[in-house]
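Per the UniProt record's numbering, the sequence shown starts with residue 1, numbered consecutively. From the three backbone atoms N, C-alpha and C, an ideal C-beta is built for every residue, glycine too. Every value quoted in this text rests on a predicted model; they were computed, and no experiment measured them. What follows is a set of notes on a single structure, which appears directly below.
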Amino acid sequence: MDANSTWCTAVKGTGTLAITATPNTETRVRTATVTLTAGSVTSVTITVTQAAASETGETGPFNFSITGYEGQIITVTFDGNATEDVTLSANGNGKLTNSQTPRTIKSIKLKATGGKDILIGRKEDSGNIILSVDNSTHAVKWRTKTDNNATALIGTAAELLLKFNAPTAVTTYEFEADIDLMDQQWEPVATLSKNIDGKGHKIYNLNMTLDFGGATTSGSAYGGLFRKYSGTLSNLHIASGTISSTGISAVNAGGVAAFTGLLESSGQIIGCSNTAKVTGNMNVAGICARVGNTNSKIIACANYGKITATDSSGAGGICYYFNSGSITACYNTGEISASYVGSHRYAGGIAARFSDNTTISASYNTGTIIPTGDSPEKETGAINGSNSGDNTIAESYYSASSSTYGAGATSTTTTGTAKEFSSANWPESTDSNWGTGDGTNGNYWKNIGSWNAGTPTYPTLYWE
């Protein structure tokens with residue numbers, strides 16, 4: 001047995017090997033190798049890599065790196081209101097004491113007089129929490145990527161609560177970690193056209209209580225993470241929350257969903273999911289309430305949350321009013337509930353309403369559709385409720401238990417329809433947009449599942 005470096009030593013015991021390294025004081029990564037030999041057995045080489053020290057000799061990993069609070073003490077408050085003081089180094093770095101169970105960091109506050117709470121919403125084992133703070137006002141400032149000042153970074157609840165208001169030079173927002181908004185009520189961002197990459201991260205406790213006060217003006221009552229969105233939003237997941245709205249008094253006034261009320265222009269939502277419960281008096285959905293442009297797209301998204309319309313006009317799993325554009329490789333497992341009083345109260349697993357120039361392809365629904373009230377059979381279906389105009393439904397499916405009214409309405413100009421899952425009706429990986437892969441070139445699925453002799457395993461998307 002031999003170690004090729006003085007900082008790394010190895011001691012072999014009976015059935016054990018202990019490797020010890022001294023702290024790294026160099027500002028570069030260093031490596032050593034340990035070679036094990038035993039008689040005629042082939043030698044085994046182990047490579048030991050040690051992270052670089054900071055210029056002051058600090059070694060990570062750190063829980064905090066805060067520009068603006070260098071050399072000061074912060075009080076960390078955890079979920080449940082337990083606290084711990086952390087002294088930051090001259091570089092702004094600090095560590096928490098070890099905890100057997102990872103705690104949720106609720107907020108931090110400068111211990112000195114005048115400090116203000118800064119919301120964090122992160123698990124302590126989720127990596128280094130990096131912030132830039134104005135030392136005098138304690139306001140959180142936008143950070144950008146080191147090599148790209150056009151990309152702003154979101155790694156804490158405080159940065160998310162800046163509401164995507166970075167300087168105009170920023171064209172993209174990128175998430176660094178899962179974020180828990182805890183007891184914060186979210187006020188929807190009015191409009192955004194810039195891109196968002198969630199990097200597969202989750203937002204927990206997205207809670208909204210919206211009262212539109214009897215809105216009747218067209219387009220005046222949209223709600224969600226955004227009221228209106230026209231950029232590309234990808235790889236972001238709403239993991240929990242409760243979204244409720246009241247006071248929409250006209251069908252065209254708006255609608256509410258987890259991500260956006262209106263997806264407009266060339267807006268796209270790709271590889272996202274919602275688990276929050278969404279309830280409204282009308283026009284309710286899981287991903288977006290309304291798609292309003294032929295260039296708008298929803299791709300590889302899923303809704304797991306319960307969607308409820310309490311009054312009229314209806315609810316959809318992915319979208320409420322699919323006015324134009326396309327939905328590709330999406331699915332819904334959430335319960336869809338809509339009250340029916342009179343006529344035109346729509347409910348559908350993918351889209352409650354179709355209009356013109358729309359396409360749904362390679363999508364499916366297993367969520368139960370529950371219409372109530374007068375004539376519940378009207379405009380209700382596992383895939384869509386109402387369908388009027390020149391539209392296409394292709395290679396899409398639904399479970400028998402999801403709706404007693406079948407796939408849904410089909411207009412005289414609609415091409416194709418959806419099929420009930422069965423041993424004879426199951427997608428193939430060679431079907432359009434049912435390929436398995438990385439989410440590009442029609443390969444949107446991780447696997448396409450199987451009928452499994454009547455106990456089906458349903459398809460899952462590439463990001464799951």
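Item	Value
By DSSP, does V170 sit in helix, in strand, or in coil?	coil
Can you list, in chain order, the residues of its chain with a C-beta nearer than 7 angstroms to that of residue 533? Leave out the 5 residues immediately preceding and following it.	In this structure the chain extends from 1 to 464, so residue 533 is not present and cannot be described.
Quick one: Cα of T413 to Cα of E187, how far?	Confidence in T413 is poor, its pLDDT being 46 and thus under 50, which makes the residue's placement too unreliable to answer from.
On the three-state DSSP scale, how would you describe N332?	strand
Have a look at T455 and S399 and give me their C-alpha separation to the nearest angstrom.	11 angstroms
For a quick check, are the C-beta atoms of S230 and S193 less than 7 angstroms apart?	yes
Excluding sequence positions up to five away, which residues of its chain have a Cβ less than 6 angstroms from the Cβ of L160?	I154, I179
So, N295 versus S266, is the Cβ gap smaller than 7 angstroms?	yes
What are the start and end residues of each continuous alpha helix (DSSP H) run of 4 or more residues lying completely inside the segment 144-217, in chain order?	157-160
Below 6 angstroms CB to CB, which residues in the same chain sit around Y346 once its five sequence neighbours on both sides are set aside?	G314, A352, R353, E379, G385, S386
May I ask you to verify whether the segment 130-147 touches the segment 100-107, counting CB pairs closer than 8 angstroms and requiring at least 3?	no
Measuring straight from C-alpha to C-alpha, what distance separates D197 and C319?	21 angstroms
Taking the continuous beta strand (DSSP E) assigned at A309, which residues delimit it?	307-309
Is the distance from the Cβ of G317 to the Cβ of G334 below 7 angstroms?	yes
In this structure, does DSSP put N452 in helix, strand or coil?	helix
Report the option in S422, K199, N195, R290 whose CA atom is closest to the CA atom of W463.	K199
Please name the residue in G219, N443, D85 whose C-alpha comes closest to that of R227.	G219
Measuring straight from C-alpha to C-alpha, what distance separates S402 and S422?	13 angstroms
From Q72 to I66, what does the alpha carbon distance come to, in whole angstroms?	10 angstroms
Suppose you measure from the CA of I299 to the CA of A258; what does that come to, to the nearest Å?	16 angstroms
For residue 465, which residues in the same chain have their Cβ closer than 7 angstroms to its Cβ, ignoring the five residues on either side in sequence?	Residue 465 lies beyond the residue range present for the chain, which begins at 1 and ends at 464; the question has no answer from this structure.
On the premise that N24 lies in contact with E58, defined as a C-beta separation below 8 angstroms, what is that separation, rounded to the nearest angstrom?	At roughly 10 angstroms, the Cβ-Cβ gap does not stay under 8 angstroms, so E58 and N24 are not in contact.
Which complete beta strand (DSSP E) runs does the segment 249-316 hold, if anything under 3 residues is left out?	254-256, 260-263, 268-270, 277-280, 288-299, 307-309, 314-316
Would you tell me roughly how many angstroms separate the C-alpha atoms of T372 and T392, rounded to the nearest one?	28 angstroms
Can you tell me the Cα-Cα spacing of V44 and V34, whole angstroms?	8 angstroms
Taking the beta strand (DSSP E) that Y222 falls in, what are its first and last residues?	221-223
Kindly indicate which three-state DSSP category E428 falls into: helix, strand or coil?	coil
Runs of 4 residues minimum, wholly inside the segment 67-104: which ones carry the alpha helix (DSSP H) assignment?	none
Name the residue from T49, K12, I238 whose alpha carbon lies nearest to the alpha carbon of L36.	K12
Decide if residue 465 is buried, meaning its Cβ has at least 16 other Cβ atoms within 10 Å, or exposed.	With the chain represented from 1 up to 464, any question about residue 465 goes unanswered, as that position is not in the structure.
What is the rounded straight-line gap between the Cα of N452 and the Cα of G305?	26 angstroms
Roughly how many angstroms lie between the CA atoms of T49 and N98, to the nearest whole one?	23 angstroms
I'd like to check one pair, W7 with T31: are the Cβ atoms closer than 7 angstroms?	no
From what residue to what residue does the beta strand (DSSP E) around W445 run?	445-447
Would you mind working out which of G254, I287, A253 sits nearest I269, comparing C-alpha positions?	I287
Rounded to whole angstroms, what is the Cα-Cα separation between V76 and D85?	6 angstroms
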